[in-house]
Amino acid sequence: RSHLHQMRRLEPRVKSFMPGALDSAWEEQLLAEARAMDARLGGPEMKALSPEEKRRLLPLAGVPLAVKDNICVKGIPTTAGSRTLANYVPPGDATVVE
């Protein structure tokens, strides 16, 4: 939650997210994904792994990241800064997102 708070606090000044990207529905989705990752990391298959193996399998687990607006993320409006793509919502993720 602290990362979300910082993003909302700084966004008016840095303008790094698309309008509406920090709304409550988006926040709930992010928190749900974080809870799912916490559960996965604490699950029986992960408990058997060493910390090094966990880092190798899930190197970005728990690291907040944002994807530029020219890279497709399933279900997230992706305009690439173009009015032509104003209503485009990709049906799948770009390979780099996977």
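If you read the sequence shown in the working numbering, its first letter stands for residue 1, the second for the next number, and so on. Where is the CB? At the ideal position from N, CA and C, for every residue including glycine.
Take E27, set aside five residues on each side of it, and the residues of its chain with a beta-carbon closer than 8 Å to its own are L4, in chain order. Contact between the stretch 40-50 and the stretch 66-85 is not established, with fewer than three Cβ pairs separated by less than 8 Å. Looking at the backbone, the Cα of P90 and that of P77 are separated by about 7 Å. A66 is the residue among S82, A66, D93 whose C-alpha sits nearest the C-alpha of M7. Leaving aside the five residues that flank E11 on each side, the residues in its chain whose CB is nearer than 7 Å to its CB run, in chain order, F17, L22.
The three-state reading of DSSP puts T79 in coil, since its state is none of H, G, I, E or B. Scanning its chain for C-beta atoms nearer than 8 Å, with the 5 sequence neighbours on each side dropped, one finds around G81 the residues D69, N70, in chain order.
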